[in-house]
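See structure below.
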Amino acid sequence: MKLVNTPEEILKNQNNGDIEFVENMKKEHPTTLVELNEPGHTNQWCPGCGDFGILFAIKKAIVTLGIDPSNVVVVSGIGCSSKLPHYIKTFGVESLHGRALPVATGVKLANKDLHVIVVGGDGDGYGIGMGHLMHAMRRNINLTYIVHNNETYGLTKGQTSPTAAKGTKSVSTPNGSIETAVNPIALALTGGATYIAKGFAGDIEGLSNLIAKGMLHSGFAIIDVAQPCVSYNPKMSYQWLQENICKVEELSGYDMKNKIWSLTLSIEKKEQKIPIGIYYHSDTDRSAYLDELPEDKELALVKQSIENIDIEKLIDEYN
Ligand code: SF4
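Just so we're aligned, residue -6 is where the sequence shown starts under this note's numbering, counting upward by one.
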């Protein structure tokens, strides 16, 4: 099933500056999937896990955009999906549970020329990492955040996660969860993210397009991905998801610049299926964090000379 635009269609929609940028990158840094596929670590995910689809979609996005892998940093928290930086040959950091976004923010602030991709599970991002997510979104910091949303804690063997529906039975809620699930799209729309999309791990082509467009976006991009956990969440199987998704852009009234329309869709949940695609994308509603930083306007911080910076006075103050 063709779910969203092809990379060519995506690139056609970019402004001329972006097309030129991508074309130049392709010439300067011919990237191949083979390069990205040699991370030197043995994959430990369960066979059939949806993490594989997301990993491949990320690699495909990097190749499509022609980005040199040495200019990419993948930052994760803790969880099954957070092992991802080990399985792709870019730079990477597997940080602390729920702390991927502040680490990634530090990387991007230090070197704005890097493409910083953040990955993690729904427990990592919408549970313990929720506070960091809200602040990353309100800052509109230039990161691409991909959430592997399988509605369970897979690494610790299947506890109810923040996105699991009320009534979900698991080892941690044997009588059914009494909590209302987090609504990632509504959260992102109200939190200030300026590129918001929903993908499906079984639709690699469509997901890689969503990721590629998120990587080209200037500001905070979040892509929430419906991902099967074949070991601990049998309900969200590939087949069930395939039968229960639809394209958001085919719904009546769709306009990716209309936040209220997307918010109504995500809150009212009148649509029986799970709409995937771009819910919101605006380059103009407000500036990205790095565009507001005078220190970062010209040269990346790591590339600036520190020869004339004197910290003696500061040290003296604390002596
Ligand atoms: Fe994937 Fe679930 Fe296995 Fe973790 S436990 S690797 S999420 S299938």
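C-beta atoms are modelled at their ideal positions from N, C-alpha and C, and glycine is treated no differently.
Cβ-based burial, residue 265 [other Cβ within 10 Å; buried from 16] | Against the sequence shown, residue 265 aligns to sequence position 272. Exposed, since its Cβ has fewer than 16 Cβ neighbours within 10 Å.
Between the region 250 to 266 and the region 90 to 110, do three or more beta carbon pairs fall short of 8 Å?
-> no
For residue 116, collect the residues of the same chain with a Cβ closer than 7 Å to its Cβ; drop the 5 residues on either side in sequence, then sort them by chain order.
-> Here residue 116 is taken as the residue at index 123 of the sequence shown, counted from 1. Result list for residue 116: 72, 146, 154 and 155, in chain order.
Under three-state DSSP, which class holds residue 212?
-> Taking the first residue of the sequence shown as position 1, residue 212 is located at position 219. The answer is coil: DSSP assigns residue 212 none of H, G, I, E or B.
What is the rounded straight-line gap between the Cα of residue 317 and the Cα of residue 304?
-> Past the edges of the chain, shown from -6 to 312, lies residue 317, and the structure says nothing about it.
With DSSP collapsed to three states, give me the class of residue -5.
-> The residue given as residue -5 occupies position 2 in the sequence shown. Because residue -5 carries a pLDDT of 37, less than 50, the predicted location of this residue cannot be relied on, and the following value inherits that uncertainty. The answer is coil: DSSP assigns residue -5 none of H, G, I, E or B.
Which residues in the same chain have their Cβ closer than 7 Å to the Cβ of residue 322, if we skip the five residues on either side of it in sequence?
-> Residue 322 lies beyond the stretch modelled for the chain, which goes from -6 to 312, so this question has no answer here.
How close, in whole Å, do the beta carbons of residue 215 and residue 181 come, if the pair is a contact with beta carbons under 8 Å?
-> As a position in the sequence shown, residue 215 is number 222, starting the count at 1. As a position in the sequence shown, residue 181 is number 188, starting the count at 1. With 8 Å as the limit, residue 215 and residue 181 qualify as a contact, their Cβ atoms being about 5 Å apart.
From what residue to what residue does the beta strand (DSSP E) around residue 137 run?
-> One-based indexing of the sequence shown puts residue 137 at position 144. Here the beta strand (DSSP E) through residue 137 covers 137 to 142.
Could you tell me whether the Cβ atoms of residue 212 and residue 281 are closer together than 8 Å?
-> Residue mapping note: residue 212 aligns to position 219 of the sequence shown, counting from 1. Residue mapping note: residue 281 aligns to position 288 of the sequence shown, counting from 1. For residue 212 and residue 281, yes; Cβs fall inside 8 Å.
Starting from residue 66 and walking both ways along the alpha helix (DSSP H), at which residues does that stretch end?
-> Within the sequence shown, numbered from 1, the residue matching residue 66 stands at position 73. Premise fails: residue 66 lies in the beta strand (DSSP E), 65 to 69, not in any alpha helix (DSSP H).
Under three-state DSSP, which class holds residue 3?
-> As a first step, residue 3 is located in the sequence shown; it is residue number 10 there, counting from the start. In this prediction, residue 3 has a pLDDT of 40, which is less than 50 and means its spatial position is unreliable; nothing more can be read from the coordinates.
Can you tell which of 278, 118, 203 and 162 has its C-alpha closest to the C-alpha of residue 241?
-> Against the sequence shown, residue 241 aligns to sequence position 248. Minimum Cα distance to residue 241 is reached at 203.
Closest residue to residue 263 among 244, 234, 270 and 287 (Cα-Cα distance) = For the purposes of this step, residue 263 is identified with residue 270 of the sequence shown, where counting begins at 1. Answer by Cα proximity: 244.
Which of the three DSSP states, helix, strand or coil, is assigned to residue 217?
-> Translated into positions along the sequence shown, residue 217 becomes position 224. Of the three classes helix, strand and coil, the one that applies to residue 217 here is strand, per DSSP.
Look at residue 221 and residue 43 and say whether their C-beta atoms are less than 8 Å apart.
-> Residue 221 sits at position 228 when you count from the first residue of the sequence shown. Residue 43 sits at position 50 when you count from the first residue of the sequence shown. Cβ distance < 8 Å, so residue 221 and residue 43 count as in contact.
In terms of residue numbering, what span does the alpha helix (DSSP H) encompassing residue 50 cover?
-> The residue you call residue 50 lines up with position 57 of the sequence shown. 44 to 58 is the extent of the alpha helix (DSSP H) around residue 50.
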